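Residues 1 to 229 (UniProt numbering) are what the sequence shown spells out, left to right. By construction, the Cβ of each residue, glycine as well, lies at the ideal position given by its N, Cα and C atoms. None of the values given here were measured: they were computed from a predicted structure.
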Amino acid sequence: MWQEFHSLRIKKKLPTLWKALLNDLNIEHEEEEEVFLFQYLLEQIFRQLMHEMMDKDMPAQVQLSKDVTMDKNEEQALRYCSGYIPAKLLKRYKCLKNNQTAAAFVKVLESWGENSVEDAPTFVAYTKVWLEKQNRGGLFVVKDNVYLFFKAMELIVRASLQQDNIALFQHLNVQIGLLNNICESGEVTQKWELISKPLTLERREKLFQEVVKNFLKMRCEAFVKVYIM
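Written out as structure tokens, the structure reads:
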């Protein structure tokens with residue numbers, strides 16, 4: 001459903017109707033402000049409709065637990081795993097020759113990697129301790145802001161994949177439920193915008209879906225293995 005929403009809001013018809021509304025109301029506006037306000041209002045309206053629909057129908061989301069934390073070892077493991085997804089997508093998109101969208105994705109994904117894990121220390125430098133010991137030049141080490149994007153998603157996944165939700169999994173596609181939770185997160189959206197700025201809105205949404213789906217596939221497979229054990 002979220003994918004359909006993102007496809008809808010990048011079509012030309014809705015922005016045209018929005019501009020016509022502003023003109024009819026005699027509201028002065030700058031083009032950049034107009035775009036941001038339109039996208040914000042559209043998303044808020046859709047979220048409200050989703051919530052009202054979910055109150056009537058079966059929950060389409062996995063309930064979140066508020067008590068979720070990660071220790072330093074878990075954060076270091078996440079930093080390592082975070083590099084797997086851009087590395088995988090880069091390999092795929094580099095094979096698509098003469099494709100402008102793929103070329104744009106490659107440029108952004110390459111910008112996610114650090115040239116060296118020996119850069120100046122930051123407040124999340126502790127997450128690279130293990131990588132600094134293991135990396136011999138073959139690992140894709142993500143930048144801090146990219147890691148924080150993946151951490152925001154990881155906290156949502158951890159909050160969702162709790163023992164209390166096991167019964168709900170029997171009636172719900174877990175990946176869809178997690179995807180809805182992630183798409184509704186303002187923190188995830190904010191962090192995504194920081195690392196996908198060069199892309200057009202349409203390409204940004206498309207790459208977001210690819211990154212999130214690959215991340216959820218990896219996390220759900222790990223969860224199932226642990227649950228079976």
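Asked, Found
"What's the call for Q44, buried or exposed, on a 16-neighbour Cβ count within 10 Å?", "exposed"
"Taking R219 as the reference, give the member of R204, K151 and T200 with the closest Cα.", "K151"
"For G186 and Y147, what's the separation of their Cα atoms in angstroms?", "17 Å"
"Of all the CB atoms in chain B, is at least one closer than 7 Å to the CB of S111?", "Of the chains in the structure shown, none is chain B; there is only one protein chain."
"Flag this pair as yes or no: are the beta carbons of V142 and S82 separated by less than 7 Å?", "yes"
"Taking the continuous alpha helix (DSSP H) assigned at V188, which residues delimit it?", "G186 to I195"
"Applying the criterion that 16 or more other CB atoms from any shown protein chain within 10 Å of the CB defines a buried residue, is K217 buried or exposed?", "exposed"
"Measuring alpha carbon to alpha carbon, tell me which of N181, N180 and L207 ends up nearest E193.", "L207"
"Nearest-angstrom Cα distance between I156 and N214?", "15 Å"
"Measure the alpha-carbon distance for G113 versus F140 and round it to whole angstroms.", "6 Å"
"Helix, strand or coil for V142 per DSSP?", "strand"
"Across the stretch 65 to 80 and the stretch 175 to 190, are there enough close Cβ pairs to call them in contact, namely three or more that are closer than 8 Å?", "no"
"Provide the residue span of the alpha helix (DSSP H) that contains E75, from first to last.", "K72 to S82"
"Just grab the DSSP bridge partners of G113 for me.", "V142"
"Name the two residues that bound the continuous alpha helix (DSSP H) containing V174.", "V174 to C183"
"When the distance is taken between beta carbons, is L109 closer than 7 Å to L96?", "no"
"How many angstroms separate the CA atom of L21 from the CA atom of L201?", "22 Å"
"Buried or exposed for P198, going by 16 or more other Cβ atoms inside 10 Å?", "exposed"
"By alpha-carbon positions, which one of D144, S160 and L161 ends up nearest to Q76?", "D144"
"Does DSSP classify L199 as helix, strand or coil?", "coil"
"How many angstroms separate the CA atom of Q190 from the CA atom of M153?", "12 Å"
"Could you tell me if N23 is buried or exposed, where buried requires 16 or more neighbouring beta carbons within 10 angstroms of its beta carbon?", "exposed"
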